[in-house]
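Step one of this worksheet: look at the structure below.
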Amino acid sequence: MTMARAVASRRSFLGHSYNLVGVVAALVILAWTLVAIFAPYIIPHPIGDIVDDDYFGPMRQGLWLGSDYLGRDMLSRVLMGARYTVGISLAAVSIACFSGVVLGMAAAVTGGWFDTCLSRFLDAMNSIPSKLFGLVVVAAVGSSIPVLILTLAVIYVPGAYRFARALAVNINTMDFMTVARVRGESTAYLIGSEILPNIIRPVLADFGLRFVFIVLLLSGLSFLGLGLQPPLADWGALVRENIGGLPFAAPAVIVPSLAIASLTISVNLLIDNLPHKIRDRDA
Amino acid sequence: MTNLVEVRKLRIEATTDAGRVVEIIRGVSLDIADGEIVALIGESGSGKTTVALSLMGHARPGCRITGGEINVNGKDMAALSEKERAKLRGTDIAYVPQSAAASFNPSSTIMEQVIEVTRIHRLMPPEQARKRAVELFRSLSLPDPEGIGARYPHQVSGGQLQRLAAAMALIGDPKLVIFDEPTTALDVTTQIDVLKAFKSVMRAGGIAGVYVSHDLAVVAQIADRIVVLKGGEVQETGTTAEILSAAKHPYTRELLAAFEPKPRQANADGEAATNQLLRIDNVTAGYGAVGSDGLPLIRAVDSVSLVVEKGRNLGVIGESGCGKSTLARVIAGIHPAAAGDIVFDGKQLQRAAGKRSQDQLREMQIVFQYADTALNPAKPVADIIARPLAFYHGLDKRARSKRVDELLDMVRLPRALRYRHPSELSGGQKQRVNFARALAADPKLIICDEITSALDTVVASAVIELLKELQRELGLSYIFISHDLSVVEAICDQIMVMYNGERVEQITPDKVKAPSHPYSKLLFSSVPKLDPTWLDGLVRDPELVSQYGHR
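Here the protein sequences line up with chains Y and P, keeping their order. No gaps in the numbering here: position 192 of the first sequence is 474 in my numbering, and each next residue is one more. No gaps in the numbering here: position 288 of the second sequence is 484 in my numbering, and each next residue is one more.
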């Protein structure tokens, strides 16, 4: 009976089966992505303009999410914040996962000295606390969007490398890898065509997870004042600058927190509920 | 109630991941009397293991028992609650799995695991259980019955572990023991000891058994009656002698036919055989640290020489661990030799595959035992077969697609299969795709490493027939590595016997009935025959067994 119910709660579409939680999570992510892309066209007020006489103003008509500690429109600031949080994190996670996964697969396939040196070097990188690393870099070269992206990417390369290498090592022992090697295939073909298709699902899941970590780290850095500099602000910075509104239960501090939560939780839920292809022999 | 087990119109359904319900067992009925051993035989997917498991009231995840009765010792296993069933398992019914190695916990001693059943069911105090276990070890003719219990599972051999799994099953004094292909993973020389031990213990205790297997010759030795299953239905039931001598059902006859020695096509033996395709001289290879003489510490292959002639086949046989697979990998250059020469088609080959030219790699292809791991599960069949075409021959997309169709025809697979992924193919189909990929390279020599060992008897003999046909059409040579003598005999012109990394002797199949080396004699005499009296009548030279057998 339980079996039948479990089957019923999943639906199928185009040969893939999915469930409701995954769909909702995907919609939330899609909504934030659209906001990030179109934010400059939909914000009601410029983000630097002081539009309210009072600070930490409540939600009301015209100022749908109230105002911040200087009386600026919170809705505009959150919408623009999405642009920085999603954009910077996405760029950083793409760089981190791409380089980490390629290096990891290459290390697994090549083995020997290349593998040993690379692994030890990245292990050493991994041992530096991430916030401390960010702090040092920002102190040394100052904070700007490219610096933030690169710093975040470098921090998360070792993790992506370890993960991909662990998966690739398992695939590397399979006979089809031996067959391809004896055929005389190049390393690029081995990692791109033989290994990658077999590890792509966990790698994508890892991508999502790392995205969440980066959003949180970026928010953390911004909260410490090391991220984006005013008047630009990502969600973490919004929480920090409005932290004084906490005693008043101001929406200015609650809303960006909710925004961070909704994005990270949705990504996690989507990873756990990715649609899977139905592999049914006779259907 | 007259019989110990009465199964009536058993139905089991499975749900696929698309939510479709498939009936995998369709109304199976069978009886087992007290002390009788009934064999369930059939190809993979015939439902034989599913039926056997249902006797314990167990259905694998995704499956459920939807109809019928399973009366075991007066209780309907299908109707009992899980708690009540658990009470019966180990005391009334016991199970011996296919792979004992995977079923033992590597982190506790054998004795602890064998007597676990008595602890769970509170049958007897531990001291008494240990004594009983030692008795069982002795009756299963395990070496050092007093001491073996103190060892860990990795410290005993595969054959011993399988017998220890039987001891674990028997300690609760069950009335029925289910054996799920317990000897499939063992060497022939080991299989005999295990079968003998099972048979004597079951007979002495008057215990009824269900023996699941796809090997008719093994079943003939141990079973009183045989039930032939196919597609979840009983095809034929009869006593062992009846089934073997007067099978009625076509499928049973097909199974039997797979055992009959096939006439080898005469390979024009008179023809001058000077056309050497491959010659290896004194090749040594192994693992571990390299010693001062440049040779590895552990030698898996020790000074082996062999010759393969054009259009002829060489068989290499021996038990697991004798170095035959390493030999294949050495020839293919996957595991570079430490010493010796490999001459292929008149030219000296580099020892490592990476240093050989593309054409040399193309002309020698290797086909592995497990098609499951030899085919990339993430790629459709067409891509798998097309890759050597693009890589070696540089064919464009249309030419490749046409050639893939031709290759699929060659290995007798329907063309529509090209869109499937390996996981959607049966074992025999996968092995054919595996072979088609080797053919795509247009090779002169194909090294077949145990390619039929993972297949059912009927499927394996079809694959062998295919290999012979392709050889006639394409003029290939094969090196055929196997532990199964009947397979090698069916296809090879020369047979090389290996033991412990060394070449023991080379024989031609015409003289195969009289091998001269003692190890070959032992090996050949250990292959089960269809004759049910074969095991009981088998007399083996104890000296030979102690010298070469792994007990």
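No residue lacks a Cβ here, since even glycine has one placed at the ideal position from N, Cα and C. As the structure is a computational prediction, the values presented were derived from the model and not from experiment.
Query raised in the report: Taking Cβ positions only, does Pro-557(Y) come closer than 8 Å to chain P?
Result: no
Query - chain Y within 8 Å of Pro-573(P), Cβ atoms only - result: yes
Query raised in the report: Using DSSP with H/G/I as helix, E/B as strand and the rest coil, what is Tyr-471(Y)?
Result: helix
Query raised in the report: In three-state DSSP terms, what is Gly-466(P)?
Result: For Gly-466(P), the pLDDT reaches just 44, beneath the cut-off of 50, and the residue's location in the model is therefore unreliable, leaving the point undetermined.
**Report entry** Among Asp-350(Y), Asp-355(Y), Leu-514(Y), Ala-448(Y), nearest to Asp-488(Y) - alpha-carbon criterion
**Finding:** Ala-448(Y)
Query raised in the report: Going along the stretch 386–401 of chain Y in order, which residues come within less than 8 Å of chain P, judged by CB to CB distance?
Result: Within the stretch 386–401 of chain Y, no residue qualifies.
Query raised in the report: Name the chain P residues whose beta carbon is nearer than 8 Å to that of Val-574(Y)?
Result: In this structure chain Y extends from 283 to 565, so residue 574(Y) is not present and cannot be described.
**Report entry** Where the alpha helix (DSSP H) through Gly-392(Y) begins and ends
**Finding:** Note that residue 392(Y) is Thr in the sequence shown, not Gly. Element bounds for Thr-392(Y): 356–392.
Requested in this report: Name, going along the chain, the residues of the stretch 519–546 of chain P whose beta-carbon falls closer than 9 Å to a beta-carbon of chain Y.
Outcome: Legend: CB atoms of the stretch 519–546 of chain P lying less than 9 Å from CB atoms of chain Y belong to residues Arg-525, Ala-528, Gly-529, Ile-530.
Query raised in the report: Where Ala-464(P) and Glu-432(P) are concerned, what is the direct C-alpha to C-alpha distance, given to the nearest angstrom?
Result: Only weak support is given to the placement of Ala-464(P): the predicted model assigns it a pLDDT of 46, under 50, and the question is left unresolved by the model.
Requested in this report: Helix, strand or coil for Glu-202(P), going by three-state DSSP, please let me know.
Outcome: strand
**Report entry** Neighbouring residues, chain P, relative to Val-383(Y) (Cβ below 9 Å)
**Finding:** Contact note: Val-383(Y) does not reach chain P at a C-beta cutoff of 9 Å; the least C-beta distance is about 15 Å.
Query raised in the report: Across which residues does DSSP place Glu-620(P) in a beta bridge pair?
Result: DSSP lists no partner for Glu-620(P).
Requested in this report: Pick out the complete beta strand (DSSP E) segments inside the stretch 344–396 of chain P, 3 residues or longer, and give them in chain order.
Outcome: 372–376
Query raised in the report: Quick one: which chain Y residues come within Cβ less than 7 Å of Ile-677(P)?
Result: The premise fails here: Ile-677(P) is roughly 14 Å from chain Y at the closest Cβ pair, so nothing lies under 7 Å.
Query raised in the report: At least one CB of chain Y closer than 8 Å to the CB of Gln-554(P): is that the case?
Result: yes
Query raised in the report: So is Phe-300(P) in contact with chain Y if we call contact Cβ pairs under 8 Å?
Result: no
Report task. For the beta strand (DSSP E) holding Ile-687(P), just list the boundary residues, first then last. Result -> Counting along the chain, Ile-687(P) falls outside any beta strand (DSSP E), though it belongs to the alpha helix (DSSP H) covering 681–687.
Report task. Using a threshold of 8 Å, state whether the C-beta atoms of Arg-207(P) and Gly-253(P) are closer than that. Result -> Taking 8 Å as the cut-off, the beta carbon of Arg-207(P) is found no closer than this to the beta carbon of Gly-253(P).
Report task. Determine the contact status of Ser-425(Y) and Gln-343(Y), defining contact as a CB-CB distance below 8 Å. Result -> no
Query raised in the report: Should Val-305(Y) be flagged as near chain P, meaning a C-beta pair shorter than 8 Å?
Result: no
Query raised in the report: Along chain Y, in chain order, which residues have C-beta atoms closer than 9 Å to that of Phe-564(P)?
Result: Correct list: Asp-457, Phe-458, Thr-460, Val-461.
Requested in this report: Give a yes or no on whether the C-beta atoms belonging to Ala-637(P) and Tyr-588(P) are separated by under 8 Å.
Outcome: yes
Query raised in the report: Are the Cβ atoms of Ser-678(P) and Thr-648(P) separated by less than 8 Å?
Result: yes
Query raised in the report: Given Val-303(Y), which residues of its chain have a CB within under 6 Å of its CB, disregarding the five upstream and five downstream residues?
Result: Leu-551, Asn-555
Query raised in the report: So, Arg-222(P) versus Gly-402(P), is the Cβ gap smaller than 8 Å?
Result: Gly-402(P) sits away from Arg-222(P), with the two beta carbons spaced by 8 Å or more.
Query - As assigned by DSSP and simplified to three states, the class of Arg-483(Y) - result: helix
Query raised in the report: By the 10 Å Cβ neighbour count, where 16 or more other Cβ atoms means buried, how is Arg-508(P) classified, buried or exposed?
Result: buried
**Report entry** Asp-369(P) versus Asp-288(P), Pro-532(P), Ala-453(P), Gln-690(P), residue with shortest Cα-Cα distance
**Finding:** Asp-288(P)
**Report entry** Short-range partners of chain Y found in the stretch 242–256 of chain P, where Cβ spacing is below 7 Å
**Finding:** Flagged: no residues at all.
**Report entry** Beta bridge counterpart(s) of Asp-477(P) as assigned by DSSP
**Finding:** Asp-537(P)
Query - Ile-332(Y) to Leu-500(Y) span [Cα, whole Å] - result: 26 Å
Report task. Express the C-alpha separation of Ala-421(Y) and Pro-328(Y) in angstroms, rounding to a whole number. Result -> Rounded to whole angstroms, Pro-328(Y) to Ala-421(Y) spans 30 Å at the Cα level.
Query raised in the report: So, does the CB of Ile-316(P) fall closer than 8 Å to a CB anywhere in chain Y?
Result: no
Report task. Could I get the ranges of all uninterrupted alpha helix (DSSP H) runs contained in the stretch 430–454 of chain P, with 4 residues as the minimum, in chain order? Result -> 436–441, 446–453
Requested in this report: State yes or no: is the beta carbon of Pro-328(Y) nearer than 8 Å to at least one beta carbon in chain P?
Outcome: no
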